[in-house]
Amino acid sequence: MYIRALMLPKEELTTVTPEDSLRVALQKMNEKDFLSIPVLKDKRFLGIISRERIYSEYFEVGGDRDDYLDFRKVKDLMRVDIPSLSPNDEIEKASHALDIYGVPFIAVVNDYGVFEGIITHYAIFRQFSEALGINKGQKITVLAYDIPGQIAKLTEIISRFGGDIISFVVLDPKVKTDVKEIVVRVRCSSMVRLVDAVRDAGFRVQ
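The sequence shown runs 300 to 505 under the working numbering.
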């Protein structure tokens, strides 16, 4: 899946410019209860400004609150080390960037450098939940040795009992043995018989 499918487009975002005052930025964030928003100039992404940064800087420097909010600008406090990706990059790339950079969102920029939107932690989490088929069907968690043919064997059993596979995810349980954890969500009218058949085939069902 590509980032384009999950990104929030710029038309739906609240943004500020680097020349806006901190008061303007804070008002925009408070109106929508955002913790941070993108900073744009001439359709280009420059960084983000966050409520936390505005507050922490004020408590650090002190002084008159109104002067601080009215005369300090977004460009003075915005964070600029925000990675950007193409709308045609795969979603796994965005997930990795969110993890290693510790940022609230990733900017999505096209080949011409024009800002198109953002991809958030929530968007990826929601997609992961859909991929796992949460709240759909019934879940079977199977431990299987990491050898060729195990997945084919498991899916054949499910098919034989008329099971409809909603999602199929292979996880690494981080153990020393060559074992994989397979999480399957299935619709099946003979669930008990299906689980028994999976066990009889040599799989460990949790």
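We put the CB at the ideal spot given by N, CA and C, even for glycine.
Using the Cα positions of residue 303 and residue 385, report the straight-line distance between them to the nearest angstrom.
If you number the sequence shown from 1, residue 303 lands on position 4. If you number the sequence shown from 1, residue 385 lands on position 86. Roughly 8 angstroms between the two C-alpha positions.
Does the Cβ of residue 499 lie closer than 7 angstroms to at least one heavy atom of the ligand NAP?
In the structure shown, the ligand NAP is absent, as is every other ligand, since no ligand is present at all.
With C-beta atoms as the reference, is residue 353 less than 8 angstroms away from residue 337?
As a first step, residue 353 must be located in the sequence shown, where it is residue number 54. As a first step, residue 337 must be located in the sequence shown, where it is residue number 38. Not in contact: residue 353 and residue 337 (Cβ atoms no closer than 8 angstroms).
Can you give me the C-alpha to C-alpha distance between residue 409 and residue 355, rounded to a whole angstrom?
Taking the sequence shown and counting its residues from 1, one reaches residue 409 at position 110. Taking the sequence shown and counting its residues from 1, one reaches residue 355 at position 56. Straight-line Cα distance between these residues: approximately 33 angstroms.
Please state whether the Cβ-Cβ distance between residue 314 and residue 334 is less than 8 angstroms.
Numbered from 1 along the sequence shown, position 15 holds the residue referred to as residue 314. Numbered from 1 along the sequence shown, position 35 holds the residue referred to as residue 334. Taking 8 angstroms as the Cβ cut-off, residue 314 and residue 334 do not qualify as a contacting pair.
With a threshold of 8 angstroms on Cβ separation, who are the neighbours of residue 300 within its own chain once the five nearest residues in sequence on each side are excluded?
The residue labelled residue 300 in the question sits at position 1 within the sequence shown. Only 389, 390, 426 meet the Cβ criterion.
Is the beta carbon of residue 322 sitting closer than 8 angstroms to the one on residue 376?
Taking the first residue of the sequence shown as 1, we reach residue 322 at position 23. Taking the first residue of the sequence shown as 1, we reach residue 376 at position 77. Their beta carbons are not under 8 angstroms apart, which means residue 322 does not touch residue 376 by this criterion.
With DSSP run on the structure shown, which of helix, strand or coil describes residue 505?
Residue mapping note: residue 505 aligns to position 206 of the sequence shown, counting from 1. Looking at residue 505 - three-state DSSP - the assignment turns out to be coil, as it is neither helix nor strand.
Cross-strand partners of residue 406 (DSSP beta bridge):
Locating residue 406 in the sequence shown gives position 107, counting from the first residue. In the DSSP output, where bridge partners are listed per residue, residue 406 has 383, 417.
By the three-class DSSP mapping on this structure, what secondary structure does residue 451 have?
Taking the first residue of the sequence shown as 1, we reach residue 451 at position 152. Note: residue 451 maps to helix in three-state DSSP.
Measuring CB atoms only, is the region 454 to 467 touching the region 475 to 486, in the sense that at least three cross pairs come out at less than 8 angstroms?
yes
Would you say the region 393 to 407 touches the region 440 to 451, given that touching needs at least three Cβ pairs under 8 angstroms?
no
Buried or exposed: which applies to residue 415, given that a residue is buried once 16 or more other Cβ atoms fall within 10 Å of its Cβ?
One-based indexing of the sequence shown puts residue 415 at position 116. Buried: at least 16 other Cβ atoms inside 10 Å.
One question on the structure: do residue 459 and residue 412 come within less than 8 angstroms of each other, judged by their Cβ atoms?
Taking the first residue of the sequence shown as 1, we reach residue 459 at position 160. Taking the first residue of the sequence shown as 1, we reach residue 412 at position 113. No. Outside cutoff.
Apart from the five residues on each side of it in sequence, which residues of its chain come closer than 7 angstroms, Cβ to Cβ, to residue 392?
In the sequence shown, counting from the first residue as 1, residue 392 sits at position 93. Taken in chain order, the residues that qualify are 384.
Residue burial classification, residue 379 (beta-carbon count within 10 angstroms, cutoff 16):
Sequence index remark: in the sequence shown, residue 379 carries index 80 (1-based). It is exposed - the Cβ of residue 379 has fewer than 16 other Cβ atoms within 10 Å.
For the alpha helix (DSSP H) that residue 348 lies in, which residues bound it at each end?
Working through the sequence shown from its first residue, we reach residue 348 at position 49. Here residue 348 belongs to no alpha helix (DSSP H); instead the beta strand (DSSP E) covers 343 to 349.
Compute the beta-carbon to beta-carbon distance between residue 417 and residue 307, rounded to the nearest angstrom, for a pair I have assumed lies under 8 angstroms.
Taking the first residue of the sequence shown as 1, we reach residue 417 at position 118. Taking the first residue of the sequence shown as 1, we reach residue 307 at position 8. The pair is a contact, with the Cβ atoms about 5 angstroms apart (cut-off 8 angstroms).
Helix, strand or coil: which one does DSSP assign to residue 333?
On the sequence shown, position 34 is the one that residue 333 refers to. It is coil, neither helix nor strand.
Distance cutoff 8 angstroms, beta carbons only. Does residue 496 sit that close to anything in chain C?
This model lacks chain C altogether, as it is built from one protein chain only.
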